[in-house]
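One structure is given here, and the rest of the page talks about it.
Protein chains: 2
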Amino acid sequence: MKLSTKGHYGLKAMFDLAQHYGTEPIPLKNVAERQNLPEYYLEQIIAVLRKAGLVRSVRGAQGGYILAKTPGEIRVGDVIRAMEGPIAPVECVSELDPAECDNADFCITRTVWARVRDSIVDVLDSISLGDMCREAKNLPPVPGKVEK
Amino acid sequence: MKLSTKGHYGLKAMFDLAQHYGTEPIPLKNVAERQNLPEYYLEQIIAVLRKAGLVRSVRGAQGGYILAKTPGEIRVGDVIRAMEGPIAPVECVSELDPAECDNADFCITRTVWARVRDSIVDVLDSISLGDMCREAKNLPPVPGKVEK
DNA sequence: AATAATCCCGAGTGTTTTGGTCTGAATTAT
DNA sequence: ATAATTCAGACCAAAACACTCGGGATTATT
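Sequences listed follow chains Y and L, in order. Heads up: the first sequence begins at 424 in the working numbering, then just goes up one per residue. Heads up: the second sequence begins at 424 in the working numbering, then just goes up one per residue.
Here you go:
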C-alpha cells in the first residue's frame, strides 16, 4: 500500500509551487533545494506533471515552473493520478479500466477494495493545493527551526 | 498506491478459509483451486499468515489450515498488516514506526498522507471476514458475467 | 554577440521488489 | 507403507524503482 516516490515528490513539488503561486516562474533547482529532493530526478517528475497539464514551464534564463491553474483548482488527487495513474489498491477496482476479475469467487474481496479506493479518492479529491497552503500558514512555528 | 499480490491473495485465502470455518482443516490445494491462486506461491503467503497467528495448521494427510479465530474476530486490516506490514501510504506516516521526515517543509504533505492512511485503516478495520461471508450470502448467484 | 540560466529529452544503471517455482524434508491419517 | 499434507528454504527472471547523466534547445541578461 505504498506510494512511490514519484507521487510523494510530485506532491511536494506542487505544494512548493503553490506556495509561490502568483510570482515569477520557479526554477526547479529551488524547489529541489527547499523540498530536499534529488534535482535530476525531479526533472523527470515535473515533466509528467507538465504533460498532464498541471504546470506550465518557462524556458531560458529566469525561467522555471508555475502552476497551470490556481492552487484552489488543483486537487491532490489530480497530482497523484498524474504521477501514479488511476487510483486503485488492486487492478480490478481501478478508477478507469477495472481489469476483469477472472472467474472464481464473485469477489467479495473486490467490494472491499472498492471501498478502500473510494475512501482514498474521497480524501485526495477533497484537498486542494490551496487547502494545503492555508493549513501551512496556521502551523505553529516549528521548534528547532528559527524563522527569519 | 497498489497492494502487492501478497495482500491481495492473502485476503482471498483468508476469505476462503472463513467460508469453510467450523469444518475440517482445508488443504491449501483446495484454496488455491477455488480462489484461482498459484499454489506454490500461496504456500509462502499462508506461512506469513500462520506466523502472524491468524491461521493454524494441521499437518499430515487430511491436514490443512483453519482460522485461528472466528471469522468475526479477524479484520481485513489484520490480514493486510500481516502481509504488507504497517499501513502507510508513505513511510513518514507509518502506523508503527513513522520514519522521521527530514528537515524541510513541516510536511503539510505529511498531514495529507496521514489522512489517507486513516481513511484506509478505517475501512480495513471496519470489515471482518465474518462480514464478508455474510455479504457473500446476500449476493445473487451470479451468472457468467453481467454488469453494464 | 556571448554568456549563463534554464528547461527538455532520452539513455543508462544499480538495487530492490515482485511474483513466482521447485526440491526436499517432516508429519500424520488411512 | 503409502499418500496427503505442511514446512523451510533456495533459486530465479522480470519488472519497477530511484536515480544519474549527457547533450541539446531556449531565452534573459550583459
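Note that beta-carbon positions come from the ideal geometry of N, C-alpha and C, so glycine has one too.
Using DSSP bridges, identify the partner residues of residue i.
{"i": "residue 481(Y)", "result": "487(Y)"}
{"i": "residue 542(Y)", "result": "Bridge partners of residue 542(Y): none, in fact."}
{"i": "residue 551(Y)", "result": "498(Y)"}
{"i": "residue 429(Y)", "result": "Note: residue 429(Y) sits in no beta bridge, so no partner."}
{"i": "residue 449(Y)", "result": "488(Y)"}
Taking the straight line between their C-alpha atoms, what separation do you get for residue i and residue j?
{"i": "residue 553(Y)", "j": "residue 511(L)", "result": "24 Å"}
{"i": "residue 450(L)", "j": "residue 518(Y)", "result": "35 Å"}
{"i": "residue 551(L)", "j": "residue 466(Y)", "result": "44 Å"}
{"i": "residue 498(L)", "j": "residue 468(L)", "result": "17 Å"}
{"i": "residue 536(L)", "j": "residue 483(L)", "result": "46 Å"}
{"i": "residue 463(Y)", "j": "residue 505(Y)", "result": "19 Å"}
{"i": "residue 473(Y)", "j": "residue 445(L)", "result": "56 Å"}
{"i": "residue 475(L)", "j": "residue 508(L)", "result": "11 Å"}
{"i": "residue 458(L)", "j": "residue 544(Y)", "result": "28 Å"}
{"i": "residue 557(L)", "j": "residue 443(L)", "result": "13 Å"}
{"i": "residue 493(Y)", "j": "residue 424(Y)", "result": "30 Å"}
{"i": "residue 435(Y)", "j": "residue 533(Y)", "result": "32 Å"}
{"i": "residue 560(Y)", "j": "residue 530(L)", "result": "12 Å"}
{"i": "residue 447(Y)", "j": "residue 438(Y)", "result": "16 Å"}
{"i": "residue 427(Y)", "j": "residue 485(L)", "result": "44 Å"}
{"i": "residue 502(Y)", "j": "residue 430(Y)", "result": "7 Å"}
{"i": "residue 495(L)", "j": "residue 546(L)", "result": "15 Å"}
{"i": "residue 432(Y)", "j": "residue 480(L)", "result": "43 Å"}
{"i": "residue 579(L)", "j": "residue 491(Y)", "result": "For chain L, the structure presents residues 424 to 571; residue 579(L) sits outside this window and is missing."}
{"i": "residue 460(L)", "j": "residue 454(L)", "result": "8 Å"}
{"i": "residue 513(Y)", "j": "residue 539(Y)", "result": "10 Å"}
{"i": "residue 478(Y)", "j": "residue 440(Y)", "result": "9 Å"}
{"i": "residue 500(L)", "j": "residue 549(Y)", "result": "24 Å"}
{"i": "residue 471(L)", "j": "residue 542(L)", "result": "25 Å"}
{"i": "residue 487(Y)", "j": "residue 452(Y)", "result": "9 Å"}
Cβ closer than 7 Å: which chain Y residues qualify as neighbours of residue i?
{"i": "residue 431(L)", "result": "513"}
Please list the partners that residue i has in chain L, where partner means a Cβ-to-Cβ separation under 7 Å.
{"i": "residue 510(Y)", "result": "424"}
{"i": "residue 518(Y)", "result": "Neighbours of residue 518(Y) on chain L: none; closest Cβ ~11 Å, over 7 Å."}
Residues of chain Y with a CB under 8 Å from the CB of residue i: which are they?
{"i": "residue 555(L)", "result": "531, 532, 535"}
{"i": "residue 434(L)", "result": "532, 535"}
Checking contacts by CB at 8 Å: is residue i closer than that to chain L?
{"i": "residue 569(Y)", "result": "Because residue 569(Y) carries a pLDDT of 46, less than 50, the predicted location of this residue cannot be relied on, and no value is offered for it."}
Would you say residue i faces chain Y, with C-beta separation under 8 Å as the test?
{"i": "residue 471(L)", "result": "no"}
{"i": "residue 507(L)", "result": "yes"}
I want to verify the contact list: residues of chain L whose CB lies under 8 Å from the CB of residue i, in sequence order.
{"i": "residue 440(Y)", "result": "Residues of chain L passing the Cβ test: none, with the nearest at roughly 13 Å."}
Anything in chain Y within Cβ reach of residue i, meaning under 9 Å, just list it in chain order.
{"i": "residue 477(L)", "result": "Within 9 Å Cβ-Cβ: nothing; residue 477(L) doesn't reach chain Y, min ~16 Å."}
Subject >> Interface residues of the region 527–549 of chain Y facing chain L [CB-CB below 8 Å] >> reply: 527, 528, 529, 531, 532, 534, 535, 536, 538, 539, 542, 543, 545, 546, 547
**OP:** Check distances from the C-beta atoms of the region 446–458 of chain Y to those of chain L and list, in chain order, the residues that come in under 8 Å.
**Re:** 457, 458
Subject >> Interface residues of the region 481–498 of chain L facing chain Y [CB-CB below 8 Å] >> reply: none
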